[in-house]
Ligand code: HEM
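Protein chains in written order, with our numbering: chain C, -6 to 277; chain Z, 17 to 497.
Pasting the structure below:
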C-alpha cells in the first residue's frame, strides 16, 4: 500500500470540527448552566403540591404545551397575559420548564387568575366547544376523572403570587368589606350611554358564558359551578358601583369568578362593564 | 443474517425512509385536520382509542417520525450512496449497515408507539423516554462508525466538500443529541429555565449541524453531476462549511427572544443568527455559479427541478431566519404559525426536496434500473411544489395576521378566540396543501416500488439514467460512479 498523504487529515478534521462546536457549547450551554442566578427562586416561584404536580405531569403527557405557552415576554404585546413578565427564577421549581413555543391557545402563566375555579376547568377540558364554539382545543372527556381533577387543580394554581390579596367571597360580603382602594374609586363613566354600550359588548364576550346572555346567572358553564354565577340583574339593584368594581377587578375568592384586573380587562373596560351591569337595574 | 450486497444498506434506508415519510405525513395531515375539525377523531373512533389520537399525542409522533424516520433515514441512505463513491471505495461493512437499517426501523417504531402512548418528557424534539434516546444515539453512532471507516479506506484521497459536510455532521450530531437530551440521563438533571436553554441549543443545532450540512453536502454532490458543470468554487464551499460550523452553534436562544433568559444570551443568539447570512451566501453563490448556462436542463430533469426548487426555498428560509431573530420581528412572529411555516420550508421545502432529487439520482444506480415512470415523476414534483407553496404561504400570512392581531392592544385574553376564528381559512389551505403533498409522495412511493420491481434494467456500459447533462455537455467535476 502506498503512503496515503491525506489519511491523517481525517482525525485532524474531526478534532477541528469538534472544537468549532465546542465554542458554542461553552458559551451557550456551559455558561448558563453555571449561572447560579438562573436557579434562584423568585417571589413568583412556588413548589407545587402533590396533586398539582400530578396535573403538571398530565399536562406534559397530553401535549397541552404544543398549543399553550407558559411564559410572558418582556414586551408590550404580552402585557395582557399577566401582571408581570416571566423571569428566570419563576421556573426554579420547574422540570421540565414547559415554556412552550406556540400559542394556538392562550398563554397559561396566570390562567388561575382568569379561571380560578376547578369545576370550570374540568367542564372546559371535557368540552371546550360548549364554552367557546370556535375553540380548536381537543376534548379531554376521555380522561379519567382523577386526571381531570389533577389537571384542573394544576391550572388553577397558575396565578400571580406576588400581588397583595384583596379577594373575598362576593356572596358573603357587604359594602363594608370593600377594600379601601376600591371604596374611594369613582366611576368615570357614570351615566355615559356609550360606556354602557361598550360594557354590553364586553359582557357578551367575557361574562356571558357563566352569567348568561341575560345576566341572570344561567350561562352554559353555570351548571358546573359551585357557588353558581351571580344573577347580576339582582346585583345591579343591591350592590354599589364600588362593590361591583371591586369584585370584577379582584374576583370572588375560591369561586369561578375571575379577577378581571389580572385576566385582561383594563380599568376603563372594568368600569364600562360595571356601568352596563348597573344599567340592568334600570337606574341609569 | 444480514446481507453484504453492495448498495443494500443505501437501498434499505431509502425504502424504509419513504415508508416512514408516508406514515409521518399522514399523521401530520391528521393533526392539520384536527385544527379545523377538532372533534373529527373523537366522533369516529371508540372511547378507548381517543386518548392515543388527540392533537397533543399526534404532534410529537409527526415531528419525530418525519425528522428521524423520513429525513434522517433518507440522509443515511444518501450518505451510504455518496460517501463510498466519492472515496472510490465500498461501504466498510454492508452487514453492519443492514443491521443499522433494522435498528433504525425499530427505533423509529418505538418513537411512534411510545409517543402515542403518552410517554412525553415535555421537551420539544426530545420527547421520547430515555431508553429510546439511547437507541437513537446508538443509531447515529453505528452510521458514523461505518461511514468513518469507509472514509478512512477511501482510495481517492482528496476530500470533496460533500465529504466534509457529511463527516462533520456525523461527528456533531451525536454530541448535540446527547447534550440536548439531558446527557441521556433518565433523571433529567437540567431544570428551570436552563432546561429551555439546553432544549433550544439542541432543537436548533439538530438543524444546523445535522439537517443543514448533510442536505447541503448532497446538493454539492448532485449539482455538478446533474449539470455536468464543475462546482463553481470549491474554496467558497469550504468557507461556507467552516462558517456554518462556527456560526450556527450559539444561535439556539433565538427561540427565547424577549423571554426569561439573560439578555446577553439573547444578544449572542441574535448576533450569530444574523451572521448566518455568510454561509448561506456561499451556498447560494455556488449554486447559481454551478447552474450557470445549464438552466435549460431544469425543464427536462425532475431531480434537477427538485434541487432548484429546494435551493430557492433554502433562500427564503435563510432570509426569514436572521430576520426572525431580531427582537422587534420576533415580538410579532414568535408563537405564531409563521414559525411552523419556517420549520416546514427548511425541512420539507428545502431538505426533503433535496432528498427527492438524491433518491431519483441514486436509485437507478443502486438498483441498476431506470426510474419506472417519467410522468409520475412530473406529477410528484408539481403536486409537491404547488402543495407546499400553498402550505407555506398560508402559514406565513396566517402567522402575520395572528401576530398583528395579538399586537393590537385591544384584544384581551378573553377575546383570544377571535384570533382562533381568524386562523381557520389559513388552516384549511394548509390542510389542502398538505393533502396535495401527501398524494404526491404516494405517487413517488409507487414509482419507487415499480422502479425496484419493474424498472427497465440498465445494460452494462449504459449510463444509469438518460440525463440531459450527458447529451448536452461532456464531462463533470468528478467521474460518474
Ligand atoms: C403532508 C405534509 C405535512 C403536513 C400536513 C404537516 C403538518 C404539520 C402540523 C399540523 C404540525 C403542527 C403545527 C402546530 O403545532 O401548529 C407540524 C409540525 C411540524 N412538522 Fe409537519 N407536516 C408535513 C410534513 C412535514 C415534513 C416532511 C417535515 C420534516 C421533514 C415536517 C416537520 C415538522 C416540524 C419540525 C414541526 C414542528 C414545527 C414547530 O415546532 O414550529 N413536517 N406539521
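No residue lacks a Cβ here, since even glycine has one placed at the ideal position from N, Cα and C.
All figures in this text were calculated on a predicted structure; none of them were measured in a lab.
N-terminal and C-terminal residue of the alpha helix (DSSP H) that residue i is part of
i, result
"residue 192 of chain Z", "177 to 196"
"residue 45 of chain Z", "24 to 50"
"residue 135 of chain C", "Element bounds for residue 135 of chain C: n/a, residue is neither H nor E."
"residue 279 of chain C", "In this structure chain C extends from -6 to 277, so residue 279 of chain C is not present and cannot be described."
"residue 262 of chain Z", "250 to 263"
"residue 436 of chain Z", "432 to 470"
"residue 48 of chain C", "43 to 54"
"residue 340 of chain Z", "318 to 340"
"residue 24 of chain C", "24 to 27"
"residue 304 of chain Z", "293 to 307"
"residue 9 of chain C", "2 to 18"
"residue 401 of chain Z", "390 to 423"
"residue 98 of chain C", "Looking at the DSSP string, residue 98 of chain C is not in any alpha helix (DSSP H), and its letter there is neither H nor E."
Contact check, residue i vs residue j, beta carbons under 8 Å
i, j, result
"residue 32 of chain C", "residue 90 of chain C", "no"
"residue 254 of chain C", "residue 161 of chain C", "no"
"residue 438 of chain Z", "residue 413 of chain Z", "no"
"residue 215 of chain C", "residue 222 of chain C", "yes"
"residue 23 of chain Z", "residue 117 of chain Z", "no"
"residue 273 of chain C", "residue 208 of chain C", "yes"
"residue 332 of chain Z", "residue 295 of chain Z", "no"
"residue 51 of chain C", "residue 164 of chain C", "no"
"residue 229 of chain Z", "residue 184 of chain Z", "yes"
"residue 178 of chain Z", "residue 252 of chain Z", "no"
"residue 115 of chain C", "residue 80 of chain C", "no"
"residue 61 of chain Z", "residue 50 of chain Z", "no"
"residue 218 of chain Z", "residue 195 of chain Z", "yes"
"residue 110 of chain Z", "residue 19 of chain Z", "yes"
"residue 306 of chain Z", "residue 255 of chain Z", "no"
"residue 367 of chain Z", "residue 87 of chain Z", "yes"
"residue 236 of chain C", "residue 189 of chain C", "no"
"residue 327 of chain Z", "residue 235 of chain Z", "yes"
"residue 143 of chain Z", "residue 131 of chain Z", "yes"
Any C-beta of chain C under 8 Å from that of residue i
i, result
"residue 232 of chain Z", "no"
"residue 152 of chain Z", "no"
"residue 31 of chain Z", "no"
"residue 63 of chain Z", "yes"
"residue 207 of chain Z", "yes"
"residue 21 of chain Z", "no"
"residue 431 of chain Z", "yes"
"residue 323 of chain Z", "no"
"residue 101 of chain Z", "no"
"residue 4 of chain Z", "Examination of residue 4 of chain Z is not possible in this model, given that chain Z is present from 17 through 497 alone."
Supposed contact pair residue j and residue i - C-beta distance, whole angstroms, cut 8 Å
i, j, result
"residue 83 of chain C", "residue 45 of chain C", "So it is not a contact: roughly 15 Å between Cβ atoms."
"residue 63 of chain Z", "residue 135 of chain C", "6 Å"
"residue 361 of chain Z", "residue 408 of chain Z", "5 Å"
"residue 350 of chain Z", "residue 273 of chain Z", "7 Å"
"residue 21 of chain C", "residue 268 of chain Z", "6 Å"
"residue 377 of chain Z", "residue 238 of chain Z", "6 Å"
"residue 401 of chain Z", "residue 470 of chain Z", "Contact doesn't hold; Cβ gap of about 27 Å is too wide."
CB contact check: residue i to chain Z, cutoff 8 Å
i, result
"residue 189 of chain C", "no"
"residue 236 of chain C", "no"
"residue 20 of chain C", "yes"
"residue 39 of chain C", "no"
"residue 245 of chain C", "no"
"residue 196 of chain C", "no"
"residue 215 of chain C", "no"
"residue 162 of chain C", "no"
Residue i, buried or exposed, once every other Cβ within 10 Å from all chains shown has been counted against 16
i, result
"residue 242 of chain Z", "buried"
"residue 99 of chain C", "buried"
"residue 238 of chain C", "buried"
"residue 234 of chain C", "buried"
"residue 311 of chain Z", "exposed"
"residue 495 of chain Z", "Low confidence applies to residue 495 of chain Z: its pLDDT is 37, below 50, so where it sits in the model is not reliable, and the reading given next is rough at best. Its Cβ having fewer than 16 others within 10 Å, residue 495 of chain Z is exposed."
"residue 186 of chain Z", "buried"
"residue 497 of chain Z", "Model confidence at residue 497 of chain Z stands at a pLDDT of 36, short of 50, so the residue's coordinates are unreliable and nothing is read from them."
"residue 53 of chain Z", "exposed"
"residue 17 of chain Z", "exposed"
Partner residues on chain A for residue i, Cβ-Cβ distance less than 7 Å
i, result
"residue 58 of chain C", "No chain A appears in the structure shown, which is made up of the protein chains C and Z."
The ligand FAD heavy atom lying under 7 Å from the CB of residue i
i, result
"residue 83 of chain Z", "Because the ligand FAD does not appear in the structure shown, any question about it cannot be addressed here, the ligands present being the ligand HEM."
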